[in-house]
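Taking it in order: structure first as structure tokens, then the write-up.
This is the structure in structure tokens:
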């Protein structure tokens, strides 16, 4: 509260946490609710690490995640979803690291966070919030670096590549209601040209009935040691596959008698309600994903 009150013009709050752990989910839920009570007119953003079974086998992680996602639907304005599976893939396959540490994963996330909040006057953090989709505010972040010999068109194409996404789900399995791209030191004219080329080549992934669904900004100040970066934030309908995977994990666990063992103060009905809310979110994503453009325009 002291930090917020000392700001001249605060736009909102940004919370970094994990959905699977007790501290990240439980304490995170409490912090978000308290912030919303104190600052209801400010934007609430989160960078949330989503646990997936490939690199996580914790018994309570699906339940913690399901309980918290319901809170994010109601109390968060923008949630940037990342998962360790995608982060490890970027480290090994894109950055060609022989081994990765928690520091490497955190550096990827921090670099993306830096790109999401460039301080540009022309683009506020509320850009991706769409009144047409109040609950669909779970975004896929991506990050592409300029390597030796990489051109600007190649860099722009890379940031739309699933291999550079920080959530291990295929963005091309769904359409984009809104997209924001933040570039490093380059001209705005070149950025607009490259983004127009991307839209023309991948028109089926964008919703024609949403005007100005792609926003770009250029920030001259880059992360330390980097010459050019592109940060991608996509509101992709394909992210419902991530939630579906978690929901299936929880459904399998709820059927086991030992599921509630060791969970104090929790009732099975709470998980049933949370699971139902998760399924409603998945259905809402699928509704817009499966709706033809002609019907949407009507």
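In my numbering, the protein residues as written are 103 to 400.
For every residue, glycine included, the Cβ atom is placed at its ideal position computed from N, Cα and C.
Remember, predicted model here, so these are calculated numbers, not experimental data.
Enclosing alpha helix (DSSP H) for residue i [first to last residue]
{"i": "residue 247", "result": "Per DSSP, residue 247 belongs to no alpha helix (DSSP H); it is in the beta strand (DSSP E), 240-247."}
{"i": "residue 171", "result": "163-177"}
{"i": "residue 119", "result": "Unbroken run through residue 119 is the beta strand (DSSP E), 114-120; no alpha helix (DSSP H)."}
{"i": "residue 258", "result": "254-261"}
Cβ-based burial, residue i [other Cβ within 10 Å; buried from 16]
{"i": "residue 323", "result": "exposed"}
{"i": "residue 194", "result": "exposed"}
{"i": "residue 107", "result": "exposed"}
{"i": "residue 166", "result": "buried"}
{"i": "residue 132", "result": "exposed"}
{"i": "residue 380", "result": "buried"}
{"i": "residue 352", "result": "buried"}
{"i": "residue 185", "result": "buried"}
{"i": "residue 153", "result": "buried"}
{"i": "residue 147", "result": "buried"}
CA-to-CA distance, residue j to residue i, given in whole angstroms
{"i": "residue 399", "j": "residue 308", "result": "Any reading at residue 399 must be qualified, since the residue scores a pLDDT of 42, below 50, and its modelled position is unreliable; no value is offered."}
{"i": "residue 377", "j": "residue 304", "result": "34 Å"}
{"i": "residue 136", "j": "residue 120", "result": "18 Å"}
{"i": "residue 293", "j": "residue 179", "result": "27 Å"}
{"i": "residue 262", "j": "residue 210", "result": "16 Å"}
{"i": "residue 397", "j": "residue 390", "result": "Confidence is the limiting factor: at residue 397 the pLDDT is only 45, short of 50, which leaves the residue's position unreliable, though a coordinate-based value still follows. Going by the C-alpha atoms only, they are around 10 Å apart."}
{"i": "residue 141", "j": "residue 103", "result": "9 Å"}
{"i": "residue 163", "j": "residue 125", "result": "11 Å"}
{"i": "residue 332", "j": "residue 343", "result": "25 Å"}
{"i": "residue 127", "j": "residue 244", "result": "23 Å"}
{"i": "residue 384", "j": "residue 264", "result": "21 Å"}
{"i": "residue 242", "j": "residue 338", "result": "7 Å"}
{"i": "residue 388", "j": "residue 321", "result": "35 Å"}
{"i": "residue 200", "j": "residue 114", "result": "38 Å"}
{"i": "residue 116", "j": "residue 130", "result": "11 Å"}
{"i": "residue 110", "j": "residue 138", "result": "19 Å"}
{"i": "residue 196", "j": "residue 218", "result": "21 Å"}
{"i": "residue 254", "j": "residue 295", "result": "10 Å"}
{"i": "residue 246", "j": "residue 260", "result": "6 Å"}
{"i": "residue 317", "j": "residue 355", "result": "41 Å"}
{"i": "residue 375", "j": "residue 369", "result": "10 Å"}
{"i": "residue 299", "j": "residue 371", "result": "50 Å"}
{"i": "residue 301", "j": "residue 105", "result": "40 Å"}
Selection from the options that minimises the alpha carbon distance to residue i
{"i": "residue 112", "options": "138, 124, 339, 145", "result": "145"}
{"i": "residue 122", "options": "151, 147, 137, 107", "result": "151"}
{"i": "residue 350", "options": "373, 339, 329", "result": "373"}
{"i": "residue 386", "options": "354, 347, 119, 341", "result": "341"}
{"i": "residue 257", "options": "334, 208, 142", "result": "334"}
{"i": "residue 214", "options": "296, 289, 328", "result": "328"}
{"i": "residue 289", "options": "264, 302, 330", "result": "330"}
{"i": "residue 99", "options": "382, 388, 336", "result": "Lying before the first or after the last residue shown, residue 99 is absent from the chain, which here runs from 103 to 400."}
{"i": "residue 239", "options": "183, 219, 253", "result": "183"}
{"i": "residue 382", "options": "109, 196, 202, 237", "result": "237"}
{"i": "residue 212", "options": "318, 118, 278", "result": "118"}
{"i": "residue 278", "options": "143, 105, 235", "result": "235"}
{"i": "residue 176", "options": "216, 134, 369, 105", "result": "134"}
{"i": "residue 319", "options": "216, 283, 345", "result": "283"}
{"i": "residue 149", "options": "216, 198, 143", "result": "216"}
Extent of the continuous beta strand (DSSP E) to which residue i belongs
{"i": "residue 216", "result": "That residue, residue 216, is in no beta strand (DSSP E); its alpha helix (DSSP H) goes 204-218."}
{"i": "residue 135", "result": "Segment 130-140 is the alpha helix (DSSP H) holding residue 135; no beta strand (DSSP E) there."}
{"i": "residue 152", "result": "Where residue 152 is concerned, there is no enclosing beta strand (DSSP E), given that its DSSP letter is neither H nor E."}
{"i": "residue 319", "result": "316-320"}
{"i": "residue 190", "result": "Note, residue 190: premise wrong, no beta strand (DSSP E); alpha helix (DSSP H) at 186-191."}
Residue i Cβ short of 6 Å to the ligand PLP heavy atom set
{"i": "residue 187", "result": "In the structure shown, the ligand PLP is absent, as is every other ligand, since no ligand is present at all."}
Three or more C-beta pairs below 8 Å linking the segment 176-195 and the segment 258-274: Segments in contact, yes.
The segment 197-206 touching the segment 167-182, judged by at least three CB pairs closer than 8 Å: Contact fails: fewer than three Cβ-Cβ distances are below 8 Å.
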